[in-house]
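Undergrad: In short: position in the sequence shown from 1, add 22, done, that's the working numbering. In this text, a Cβ means the ideal position worked out from N, Cα and C, and glycines have one as well. This one's a predicted model, so the numbers in the text were calculated from it and none came from an experiment.
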Amino acid sequence: MLRIEMMPAEYGDCIWIEYGKPQGRTYRVLIDGGLAECGKLLRKRIKALPPGERRFDLGVVTHIDTDHINGMINLLRDLPEGCGFDCFWFNGYDQIKPGGTKGIAQGIELSTLLAGLEAKEKRKFWNKPFRRKAVMLPDTGEPRTVTLRGGLRMTILGPNSRGISDLFTAWDKVVRESRMVPLPEEAPETYREEEPFPGEGAETLSVEELAESDFTQDDSPSNGSSIVLLAEYGEESVLLTGDAFPGDIVKGIRRILPAGEKLPLTAFKVPHHGSRNNNNNALFDAVNCRSYMVSTNGKKHGHPDREGIARILVHGTGDTALYFNYSHEANLVWSDDRLQSDYRYRAYYAGNGNMKIDLSE
């Protein structure tokens, strides 16, 4: 059994994973925490579990953007009884600083909370088993694969050393821009103003033109530092990409497969909520996948961009399933029956932000 659930992370990411043998123990992994309000929902969800089942075998914050990290901070501020993490992967300042482990007084609250939780539990779990160094793709050699309890394999395909170095160079600027210092108690960063969504309706949409439109890659240092994970359990696999750059993801794939060979996937959480700058044709040419997951309510940035989805449909495998955890103007264009017939896909929507996919079915 391998289930992937997109939680109500607003315009961010929060991925809840469950795996295990039928009739056996259920193991859990949490990837990112969405915006701060999502942390409250996580706490409620965890409290609904029996106290003996509230531990996660792995927690990950892929990078420091508020729409991925603030919900996790909210959760860690007040963990439910019995909740904890056997391992937690997050590249804070101490992990990306070249040749050192001594931090600076940046007020990075997640780092403080993780250190406090380690002290409380009297054990080291932060970036285990990476000796407290960065979770990253090495410049040479095989990518690191970590097998969690219960048999879930996590292969680290990113970030690369350039992504880590760029984040270190831009650290102060990135932290200020992401409003991580300090994180307000009431978490007011939720975007509340409606923005118009550009573009024509389905009747005039040219999917091929969108797919072949000019591509300009994202250059955000924080996005480029995203932890990219290939999760494998039995015959199932899912690629979890944070907000990573597509060129870096393809380079990671090429470290485990030769050029021209496609990476077989059961599901693919597309990078940066379907942004045109993080999803290009080369990325979808590099994978063999039928199920694509897009996490966003469309606020603030109007994601997913039509170019990003069109590139999936034109350069993907065909007979595609698109999973959206919200219904909104930016993604409802893909519900058009004619488009679904012409491009051999099905679009699935959740109205409340919760979208659960059982990859074993």
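(1) Closest by CA to G375, which one among D35, L24 and M23?
(2) Reducing DSSP to helix, strand and coil, say where P286 ends up.
(3) Decide if A141 is buried, meaning its Cβ has at least 16 other Cβ atoms within 10 Å, or exposed.
(4) Alpha carbon to alpha carbon, how far is Y370 from N347?
(5) Quick one: Cα of R77 to Cα of D270, how far?
(6) Looking at the secondary structure, which residues open and close the alpha helix (DSSP H) in which D307 lies?
(7) Within its chain, find whatever has a CB closer than 7 Å to the CB of Q362; leave out the 5 residues flanking it on each side and keep chain order.
(8) Skipping 5 residues on each side, what residues in its chain have a beta carbon closer than 8 Å to that of S247?
(9) Could you pull out every residue in the same chain whose Cβ sits closer than 6 Å to the Cβ of R175, ignoring the five residues on either side in sequence?
(10) Grab me the residues of V272's own chain with a C-beta within less than 7 Å of its C-beta, minus the 5 sequence neighbours each way, in chain order.
(11) Using a 10 Å radius around the Cβ and a threshold of 16 neighbouring Cβ atoms, would you call K384 buried or exposed?
(12) Going by C-alpha distance, which of L57, R67 and D100 is nearest N92?
(13) Using the three-state DSSP reduction, which class does D89 fall into: helix, strand or coil?
(14) Is it right to say I126 is buried, meaning 16 or more other beta carbons lie within 10 angstroms of its own, or is it exposed?
(15) By a C-beta neighbour count over all protein chains shown, 10 Å radius and 16 as the cutoff for buried, is S259 buried or exposed?
(16) Mind checking whether E329 and S242 have CB atoms under 8 Å apart?
(17) In angstroms, rounded to a whole number, what distance separates the CA positions of A209 and N96?
(18) Applying the criterion that 16 or more other CB atoms from any shown protein chain within 10 Å of the CB defines a buried residue, is G324 buried or exposed?
(19) Check whether the Cβ atoms of E29 and C60 lie closer than 8 Å to each other.
(20) Over what stretch of residues does the beta strand (DSSP E) that includes A137 continue unbroken?
(21) Quick one, which of L159, T288 and K69 has its alpha-carbon nearest T342's?
(22) Using only the alpha-carbon positions, how far apart do L232 and G296 sit?
(23) Give the range of the beta strand (DSSP E) segment to which R368 is assigned.
(24) Within the same chain, show all residues whose beta-carbon is closer than 8 Å to that of G373, passing over the 5 residues directly before and after it, in chain order.
(25) Based on the DSSP output, what are the partners of L13 in its beta bridges?
(26) Please return the same chain residues whose Cβ sits closer than 7 Å to the Cβ of I275, not counting the five positions on each side in sequence.
(27) Which residue spans inside the segment 47–77 form an unbroken alpha helix (DSSP H) run of at least 4?
(28) Could you give the DSSP three-state label for V272: helix, strand or coil?
(29) Following the continuous alpha helix (DSSP H) through I186, name the residue where it begins and the one where it ends.
(30) When DSSP labels each residue in this structure, what does P165 get in the three-state scheme?
(31) In or out: K66 buried (at least 16 other Cβ within 10 Å) or exposed?
TA: Looking at the coordinates:
(1) D35
(2) strand
(3) exposed
(4) 8 Å
(5) The C-alpha of R77 lies about 32 Å from the C-alpha of D270.
(6) N303 to D307
(7) R368 and A369
(8) Within the same chain, S247 has close Cβ partners H85, I86, N113, I118, P181, G185, I186, D188 and L189.
(9) T167, T169 and E254
(10) A304, L305 and A308
(11) Here the chain covers residues 23 to 383 and nothing more, so residue 384 does not appear.
(12) It is L57 whose Cα lies nearest to the Cα of N92.
(13) helix
(14) Interpretation of I126 is limited by its pLDDT of 29, a score under 50 that renders its predicted location unreliable; the figure taken from the coordinates is listed afterwards. Result: exposed.
(15) buried
(16) no
(17) With a pLDDT of 38 at A209, under the threshold of 50, the modelled position of this residue cannot be trusted; read the value that follows with caution. If you take the alpha carbons of A209 and N96, they lie about 9 Å apart.
(18) buried
(19) First, the amino acid is wrong: residue 29 is Met here, not Glu. It is a contact, given that the beta carbons lie within the stated cut-off.
(20) No beta strand (DSSP E) holds A137; the alpha helix (DSSP H) holding it covers E131 to E143.
(21) Nearest in C-alpha terms to T342, of all of L159, T288 and K69, is T288.
(22) 13 Å
(23) From DSSP, the beta strand (DSSP E) with R368 extends over Y367 to Y371.
(24) Y348 and S349
(25) The question about residue 13 has no answer here: the residues shown for the chain are numbered 23 through 383.
(26) L179, L285 and A308
(27) 58–69
(28) helix
(29) S183 to T191
(30) P165 falls in the coil class under three-state DSSP.
(31) It is exposed - the Cβ of K66 has fewer than 16 other Cβ atoms within 10 Å.
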